[in-house]
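Engineer: Residue numbering for the sequence shown follows our numbering, beginning at -7 and increasing consecutively.
The beta carbon of each residue, even a glycine, is placed where N, CA and C say it ideally should be.
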Amino acid sequence: DQWFERCWFGMFPEPTLLNHLLNLGYEPEHYLDMLENVETIKSDIEITKQNIAEPSDEWKDIVYHKYNDDRTSYECVPCYNSVDEYIASEKEDLESYKADLEEALEELNDMRADWKPEKEPNMDEEIELIKKWVKEREDFINE
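Structure below.
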């Protein structure tokens, strides 16, 4: 080990995703947040597709509050007058979710750009390493 360190072999850390993110000034927490956002958006897309394909009657219960002039009271007004209006709104939401997903995936790709692992990375292990680092950092800060 001493020879290894003395001969500078230990100067450069293993090219993990965590090291890459830190070296480029990214917050590892932000990377984890983006991964979570991607999963949430994918789930929203699936739910919205289901709502479009087979709308339930729940759309009838979606309301907004219409306040009186002095804003002291309100009435509940249905957001949609028909299932067609609801489906049209869901289609708009679906397009918005798709754009959000594309943007989030692009940001993740940008964060990983130029990362050169020595071998094919196991992304589950890389993410676990980031989670462990984030937790240890939080524990250290909270001491």
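Could you check whether the region 7 to 27 touches the region 105 to 116, counting it as contact only if at least three pairs of C-beta atoms, one from each stretch, sit closer than 8 Å?
Structural biologist: Segments in contact, yes.
Engineer: Of the residues V30, S81, K127 and N60, which one's Cα is nearest the Cα of I44?
Structural biologist: It is S81.
Engineer: Going by the beta-carbon positions, is the gap between V30 and A91 smaller than 7 Å?
Structural biologist: Cβ distance not < 7 Å, so V30 and A91 don't count as in contact.
Engineer: Does the distance from the C-beta atom of V55 to that of V75 stay below 7 Å?
Structural biologist: Cβ distance not < 7 Å, so V55 and V75 don't count as in contact.
Engineer: Which runs of the alpha helix (DSSP H) fall wholly inside the region 73 to 125 and span at least 4 residues, in chain order?
Structural biologist: You should have 75 to 104.
Engineer: For the putative contact between W125 and P20, defined by C-beta atoms under 8 Å, what is the C-beta separation to the nearest angstrom?
Structural biologist: Yes, they are in contact, since the Cβ atoms of W125 and P20 sit about 6 Å apart, within 8 Å.
Engineer: Can you give me the C-alpha to C-alpha distance between D85 and D49, rounded to a whole angstrom?
Structural biologist: Approximately 18 Å, taken between the alpha carbons.
Engineer: Name the two residues that bound the continuous beta strand (DSSP E) containing P20.
Structural biologist: Careful: P20 lies outside any beta strand (DSSP E), inside the alpha helix (DSSP H) at P20 to A45.
Engineer: Please classify L13 as buried or exposed, where buried requires at least 16 other C-beta atoms within 10 Å of its C-beta.
Structural biologist: It is buried - the Cβ of L13 has at least 16 other Cβ atoms within 10 Å.
Engineer: Roughly how many angstroms separate the alpha carbons of E77 and C71, rounded to a whole number?
Structural biologist: Spanning the two alpha carbons is a distance of roughly 9 Å.
Engineer: Taking Cβ positions, are L121 and M26 nearer each other than 7 Å?
Structural biologist: Not a contact, by the Cβ cut-off of 7 Å.
Engineer: Among residues of its own chain, excluding the 5 on either side of H57, which ones have a beta-carbon nearer than 7 Å to its beta-carbon?
Structural biologist: Excluding residues within five positions, the ones whose Cβ falls inside 7 Å are Y66 and C68.
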